[in-house]
Amino acid sequence: MEKQIEKIDILRHSAAHILAAAVLELMPKAKFAIGPSIEDGFYYDFDLPRALTQEDLAVLEEKMQAIVKKNYAFERKEMPVKEAIELFKKAEQPYKVELIEDLVKNQKVETVSIYTSGPFVDLCRGPHVESTKNVDAKAFKLMKIAGAYWRGNEKNKMLQRIYGTAWENKADLEAYLKKLEEAEKRDHRRIGKELDLFHIDEQVGLGLILWHPKGAMLWRMIEDFWYQEHMKKGYEFVRSPHIGNRKLWEQSGHWGFYSGSMYPPLEVGQSLEELKAGKKVGESEQYLLKPMNCPFHIAIYKNSPHSYREFPMRWAETGTVYRFEKKGELSGLTRVRGFTQDDAHIICREDQVEGELEEVIDFILSTFKAFGFNFESVKVYLSLRDPQNKEKYVGNDEGWKFSEDILRKVANKKGLKFEEELGEAAFYGPKLDFKIKDVLGREWQCSTLQFDFNLSERFDMTFANTKGEQERPYMLHRVLLGSFERFIGLLIEHYAGAFPVWLAPEQVWVLPIAERHQEYAKKLVDLLKAEGIRVVMKSESETIGKKIRSGQIQKIPYLLVAGDKEVEAEGAAVRDRVKGDLGIMPVKDFVEKIKQEIKDKTR
RNA sequence: GCCUCCUUAGCUCAAUGGUAGAGCAACUGUUUUGUAAACAGUAGACGUUAGUUCGAUUCUAAUAGGAGGCUCCA
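Okay, so the first sequence: first residue is 2 according to my numbering, each after it adds one.
And the structure:
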């Protein structure tokens, strides 16, 4: 079904045409590609005689405003294909000609529509606003210049893309710009620095995260929770090494499909000296840093014969994997080269698949909930095989049909609102992907539930069925968080660094007012520590106001002030991160309160 | 990897073709404090390498990192 076109999209698309008209004025030799509306704005791709600069953007904005003022009508004209091709050939617009030719080829169109606004003529399906004046000259802004490949293909020419934002009125534009500014403050890279959680060190290597004590504590809390939940759900834990023989990956098929994004093999069997001397050793072997955990779990399975009675087997591991992502693709914690998956493989019989899929979906939903992610902010995709492009996948058609159908069925049964995406499946099977948006609106895959009907074949996994015959099991691959790195990045942004008590690396600071309160403060600290609460003593010779300020900046859930009154009352003045001063509370009451909150994961 | 932009102290920022200035943080001392910044002092930086120039942090180029796109994302 076609998506309904919103009024604001029409406005944005019209703004894209106005931008193109401005570019035409600036560079009459410009060649035009495409210019759609997008979330919050629009873009237009150009092939230009020279590179655009920041100054050009300002000039183009002025030209756009002038075009708006001129009040050009957007005039639609239906035109036979031949005539349109002629028109754009004459205008030396090869990209438009190519677009029309493709429309003819793929959709068998006989006419195309052309929109004219003043001197600018464009191939366009429309619709548009009536006139350039319908676009508020004060409600759009050109944001940035970027490169983009023609038709999104790396092998094609890179065009220059101008991104803009457009709104119905000035107030909306300003609100949007303000929102961007606010989003920047929640950026996990910024908060990671402010709260001293992690850093990426040039000397260590790109995309490799160094976790500082507070960040590692956060990780620990998440991981502890993860283990607890898996125990409850009947999972067992396995562990596997960081490297493995290349043959393993050849057998799995990963080497054939994805060696390009693996770290190059380590040559093992020769010494460093021999390597330097260029000596090849006969029995040298190649080892790979593992880009995923599955072959190891399969090896564990294959170590002994299995019976149908053992199923389902649910084997989980927080396994660190390494993928050599292209440099330009790396981004903070969300796209890295070394990361720890909260992986699990479920090996089961055909009659168990559906139930297991359902249970994993429930597990995913409850996990998101535990971390405060509102499910509306999670996008779900059913990633299918592209039947046009079969060489990217293994396995037969029946297998694909069976596994795709069952995933769709279960997703529907669970009431998931999902979009289907062709060509996004793993090479060994279809999957359900759960993506969370970051502060800039980019979606990042976290959970994924993959139905694999191929690796068991490739690795010759078997079990004895009720008749004593050998049968192939099915295998589900799944992660809930995705990777700790990415998930923590998104979590930081979700909470803007103000983690709920159960996750906060430092839950309580104790702030003695004067020197004479140090001893009492120390007693408080010891008491809380004995209760398993993560507490820090702030004994610096600073004013109480200063200590409170830094506690607030560090987003510590509770600050306990200890002065004369508290010593007297054998309590602590509790300051809540959000509510402020709660007054003096008996220590026991506070311990009970915070322990309850930690247990309930409420705040 | 490709396109555009950015890189000054631990952090946030300033200035300049004639060897850099501040706030916070750090350190030392004084202060002993009542719910978002006590006072004084000390130490600390032009990403790297070339080029232009009498002289480069400033201009140019390369390189390394970073940001946003594109591509990719098992």
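Even for Gly, the Cβ is constructed at its ideal location relative to N, Cα and C.
Problem - Ordered list of alpha helix (DSSP H) runs contained in the segment 122-199, each at least 4 residues - result: 171-187, 189-195
Exercise for the section: Would you be able to state if there are at least three C-beta pairs under 8 Å between the segment 287-303 and the segment 350-370? Expected result: no
Problem - Residues of its chain near L207, where Cβ-Cβ distance is below 8 Å and the 5 sequence neighbours each way are ignored - result: I201, K328, L331, R338
Practice task
Going by CA-CA distance only, name the one from E516, V568, V502 that's closest to V536.
Solution key: V502
Exercise for the section: Could you check how far apart the C-beta atoms of Y96 and K32 are, in whole angstroms? I think they sit under 8 Å. Expected result: 6 Å
Exercise for the section: Return the chain-ordered ranges of every beta strand (DSSP E) run that is complete within the segment 266-336 and spans a minimum of 3 residues. Expected result: 267-269, 286-290, 314-323
Exercise for the section: Go ahead and label H243 buried or exposed: buried means 16 or more other beta carbons lie within 10 angstroms of its beta carbon, across all protein chains shown. Expected result: exposed
Exercise for the section: State whether the segment 108-115 contacts the segment 143-157, with contact taken as three or more CB pairs (one from each stretch) at a distance under 8 Å. Expected result: no
Practice task
Kindly indicate the opening and closing residues of the beta strand (DSSP E) around H346.
Solution key: 339-349
Problem - Helix, strand or coil at H231 according to DSSP, with G and I counted as helix - result: helix
Exercise for the section: Give me whichever residues DSSP pairs with T112 in a beta bridge. Expected result: P81
Handout entry: V205 in three-state terms, based on DSSP
Key = coil
Problem - Alpha-carbon to alpha-carbon, D590 and M222 - result: 24 Å
Handout entry: Collapsed DSSP secondary structure at M2 in the structure displayed
Key = Bear in mind that the predicted position of M2 carries a pLDDT of just 36, short of 50, making it too unreliable to give a figure here.
Practice task
Compare the Cα-Cα distances from A531 to each of R324, L88, P265, V588 and report the closest residue.
Solution key: V588
Exercise for the section: Whole angstroms is fine: what's the gap from A52's alpha carbon to Y45's? Expected result: 15 Å
Practice task
Tell me P513's beta-bridge partners as DSSP assigns them.
Solution key: A563
Problem - L477 (DSSP reduced to helix, strand or coil) - result: strand
Problem - Same chain, Cβ closer than 6 Å to A17, five either side skipped, listed in chain order - result: G36, F43, Y45
Problem - Beta-carbon spacing of F121, A21 below 8 Å - result: yes
Problem - Inter-residue CB distance, L383 and E355 (contact presumed, cutoff 8 Å) - result: With a Cβ gap of about 15 Å, L383 and E355 do not count as contacting.
Handout entry: Reduced DSSP category for D582 - H, G, I as helix; E, B as strand; rest coil
Key = strand
Practice task
Quick one: give me the first and last residue of the beta strand (DSSP E) that M65 is part of.
Solution key: Premise fails: M65 lies in the alpha helix (DSSP H), 55-71, not in any beta strand (DSSP E).
Exercise for the section: Return the chain-ordered list of same chain residues with a C-beta closer than 6 Å to the C-beta of P296, the five sequence neighbours on each side being excluded. Expected result: L249, S253
Handout entry: Minimum length 4: unbroken alpha helix (DSSP H) runs contained in the segment 4-36
Key = 8-27
Problem - Minimum length 3: unbroken beta strand (DSSP E) runs contained in the segment 477-549 - result: 509-513, 536-538
Practice task
Using beta-carbon positions only, say whether R187 and V440 come within less than 8 Å of one another.
Solution key: yes
Practice task
Determine the burial state of L334: buried for a count of at least 16 other Cβ atoms within 10 Å of its Cβ, exposed for fewer.
Solution key: buried
Problem - Contact set for R576: own chain, Cβ-Cβ below 6 Å, skip 5 residues either direction - result: L560, D582
Handout entry: Backbone CA spacing between V205 and L219 [nearest angstrom]
Key = 22 Å
Exercise for the section: Reducing DSSP to helix, strand and coil, say where D398 ends up. Expected result: helix
Problem - L481 beta carbon less than 8 Å from that of T368 - result: yes
Exercise for the section: Rounded to whole angstroms, what's the CA-CA distance from G564 to I514? Just pull it up for me. Expected result: 5 Å
Handout entry: Identity of the residues DSSP links to Q446 by a beta bridge
Key = K436
Handout entry: Contact test: L456 Cβ vs the ligand PLP heavy atom, cutoff 7 Å
Key = By its list of ligands, the structure shown contains no ligand whatsoever, and the ligand PLP lies outside what it can speak to.
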